[in-house]
Each structure stands twice: as C-alpha cells, then as structure tokens.
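Numbers 76 to 305, taken from our numbering, label the letters of the sequence shown in order.
Note that CB positions come from ideal geometry on N, CA and C, so glycine has one too.
Small disclaimer: the values here were computed from a predicted structure and weren't measured.
This report concerns only the one structure given below.
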Amino acid sequence: MARAADMARAAARRAAFSGDLWVKVGKMEEGRAGLPPSAAHLRAAAEAYKTAAGWCPTDPAGYIGAARCLRLAGQAKEAVLWGCRGAEVYPRGPVALVEYARCLEAVGRTKDAVEVYRRAMALADQDYGRCVPLSGWADYHLAIAAAAVARSGAAASEKLQAWRVAGKVLVKYLQWSAAYAPALLIAGRGDAALRDELRSLALEAAAALKHSAEIGDRQLAARLAALGGS
C-alpha cells in the first residue's frame with residue numbers, strides 16, 4: 076500500500092492538473108492510516124484531497140475527503156470549513172451533507188448539525204443529482220442522516236417519520252449489498268465495519284418502529300430485524 080501510494084503521488088505530481096489522481100492518493104493514504112487511524116497518514120490524505128479540490132474546485136470529492144480526514148485527525152475546526160465547502164458544491168449530495176453534519180457535531184454545533192441532517196434526509200424521496208441510484212440501490216448516508224434526526228429530540232411525529240425513512244433506505248441498501256457482496260469483495264469495496272454499523276442501525280430502527288400503530292411500520296420493523304440479525 077505504501078509503494079502504491081508513493082507511485083500514485085508521483086504520477087499526480089507529473090500530471091498536477093488531474094484532480095482525480097490526487098483523490099486516489101488521498102484514498103490510498105487513508106487506507107494506510109489503519110485502525111485506530113494514524114493522524115500522520117490522515118493529515119497526508121487531507122493534503123492530497125485539498126490539492127484535488129484546488130485543481131478541480133467543482134468536484135466535491137476533494138472537499139469531502141479533506142473534511143473527513145481532518146475530522147478523524149482531530150482537526151475539527153478546519154474540517155468544518157472543508158465540509159461546508161463540500162456541501163456548497165454538492166448541496167443535494169447525501170455524502171457531502173452527512174460529512175458536513177459530522178464535522179459540525181465534532182465542534183459541538185449540534186443544532187446546526189441536525190439541520191444539515193434534515194436536509195440530507197429530505198433527499199430520500201427525490202432525485203438528488205449526481206448520485207444516480209443503481210437498480211434496487213439506496214444511499215446509506217440517507218439512513219444515517221434520518222437516524223441522526225430521529226435521535227435529536229425531535230417531536231414524536233418527526234421522530235417516527237425519520238425512523239421510517241431510515242428503515243426504508245436500510246432495507247433497500249442491505250438487500251442490495253447482500254446480493255452484490257461477492258462483486259463488492261472482488262472490487263475491494265466490501266466494508267465489513269460499515270456493514271456491521273448499518274445492521275446495528277437496522278436493529279435500532281426496528282426497535283423504534285415495532286410498536287407503531289401503523290401496520291406498515293410493524294412490517295418494516297420485521298424486515299429490518301431480519302436484515303439486522305442476518
């Protein structure tokens with residue numbers, strides 16, 4: 076991984092106009108960070124993402140990557156700036172909005188974060204631009220956003236609706252990811268930690284919906300419980 080990252084960085088410097096190459100360098104440096112993540116590698120990744128954003132300022136990937144790495148490296152105040160820019164460039168992108176909200180949470184701006192999560196949740200039933208869903212696919216970031224709204228102390232009606240949104244997205248995503256698990260593993264995109272996080276979220280949504288007066292909610296809860304426990 077280290078040699079690959081160094082080679083990618085050298086290639087990116089030779090073709091500095093290519094933001095895509097710098098995004099790849101950032102991803103490789105993130106991969107080198109390990110668990111728990113190394114702050115040094117996260118900072119190196121953030122610098123690569125910043126360079127990508129400089130060369131391609133209309134592509135949100137550089138801003139989002141820089142925000143994520145800075146946040147994980149403990150540089151939350153700077154992360155907020157990059158997260159905000161990513162949300163400005165990609166205002167209908169769930170991944171951009173969720174990362175910005177996480178950065179706001181990291182600096183204690185909880186109310187602002189919930190409002191950004193609400194913006195992301197509102198995209199669940201809409202065409203949200205560049206993220207074109209595959210057949211049967213749903214963006215799990217929408218579920219993360221909806222769950223954050225549900226946990227935020229919202230009114231009972233909003234809380235229940237937020238869990239519905241989260242549940243519907245999770246059913247679609249978990250079914251899709253299970254169907255394509257072999258292909259995702261071959262492509263190096265089978266993220267076990269993410270799968271476990273989303274299964275846990277599915278069980279939380281199931282617990283919130285199973286006592287609803289609506290039969291549809293209870294049916295959704297049963298599907299979530301089955302997927303979360305699989």
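Please classify residue i: is it buried, with 16 or more other beta-carbons within 10 angstroms of its beta-carbon, or exposed?
i    : result
A162 : buried
I219 : buried
D200 : exposed
K152 : exposed
P111 : exposed
E272 : exposed
Q294 : exposed
A253 : exposed
Can you check which of these residues, the options, is closest to residue i by C-alpha distance?
i    : options                   : result
G140 : A254, A154 and T133       : A154
A197 : D214, V182, R184 and G137 : D214
A283 : R226, A148 and R193       : R226
W130 : Y248, D95 and G304        : D95
E190 : H216, A221 and R160       : A221
A171 : G137, A241, A254 and D187 : G137
At what residues does the alpha helix (DSSP H) containing residue i begin and finish?
i    : result
E122 : A114 to W130
Q201 : Neither: Q201 is in no alpha helix (DSSP H) and is coded neither H nor E.
W157 : A151 to V164
H216 : Y215 to A225
P111 : Looking at the DSSP string, P111 is not in any alpha helix (DSSP H), and its letter there is neither H nor E.
Near residue i, which residues of its chain fall below 7 Å by C-beta distance, leaving aside the five closest residues on each side in sequence?
i    : result
R146 : A154, R177, C178 and A181
E104 : A80, H116, A119, A120 and A123
Could you tell me whether any Cβ in chain C is nearer than 8 Å to the Cβ of residue i?
i    : result
A115 : Any reference to chain C falls outside this structure, which holds one protein chain only.
Can you name, in chain order, every residue of its own chain whose Cβ lies under 6 Å from the Cβ of residue i, other than the five neighbours on each side?
i    : result
L249 : L302
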